[in-house]
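Below is one structure, written out as structure tokens, with a few remarks after it.
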């Protein structure tokens with residue numbers, strides 16, 4: 001089930017209905033709001049969900065609170081913390097997953113979000129970032145932190161996506177990411193900043 005990469009850099013990832021691989025890539029701290037993401041997953045989803053967490057533990061007490069939520073999640077929700085990753089391995093790591101799931105409290109830019117788009121990965125994020133109106137572009141969702149139902153409905157929609165539908169959203173994300181990163185110097189600067197967070 002290895003992803004395949006086209007000549008233009010777009011990465012195609014296998015997607016079956018009722019299975020979903022989500023990822024989080026950032027520091028583990030209160031502002032990144034991992035607890036909120038985990039609480040959203042504590043629901044009755046029909047299918048198998050894997051949530052992979054990448055990034056250093058910045059706040060140990062906060063991480064223990066996250067672990068407490070993880071221990072109580074339903075059996076069909078699997079959550080694993082993989083620790084920090086080498087910046088050189090970011091794209092190959094993201095290629096194993098389907099969607100970024102990051103309910104951050106605040107982002108001035110959102111380096112992990114841009115990196116996700118560049119890796120052909122749509123996103124499920126809060127509306128506290130500059131990246132808005134994503135659903136109409138079919139590249140993800142930007143949702144109010146108070147609207148847990150809408151977050152869960154987005155995840156359900158992702159779970160139910162067929163290969164054909166996911167491919168469309170994935171390719172849209174890749175095209176959007178590249179359209180926002182045509183300036184190579186700006187892109188490399190973004191990646192340098194991002195590498196300092198993982």
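In our numbering, the protein residues as written are 1 to 198.
Glycine included, each C-beta is placed from N, C-alpha and C at the ideal position.
For residue 62, the enclosing alpha helix (DSSP H) starts and ends at 60-71. Boundaries of the beta strand (DSSP E) around residue 141: 140-143.
Remark: C-beta atoms of residue 12 and residue 147 do not approach each other more closely than 8 Å. Under the criterion of beta carbons closer than 8 Å, residue 51 and residue 101 qualify as touching, at roughly 7 Å. Boundaries for residue 98: no alpha helix (DSSP H) harbours it, and the DSSP string shows neither H nor E there. Comparing alpha-carbon positions, the option among 173, 177, 63 lying closest to residue 26 turns out to be 63. DSSP places residue 25 inside the beta strand (DSSP E), whose first and last residues are 19-25.
Between the alpha carbons of residue 41 and residue 155 lies a gap of roughly 9 Å.
Counting every other CB atom within 10 Å of its CB across the protein chains shown gives residue 136 a total below 16, marking it as exposed. Ranked by Cα distance from residue 174, the first of 35, 19, 117 is 117.
Under the criterion of beta carbons closer than 8 Å, residue 120 and residue 170 qualify as touching, at roughly 5 Å.
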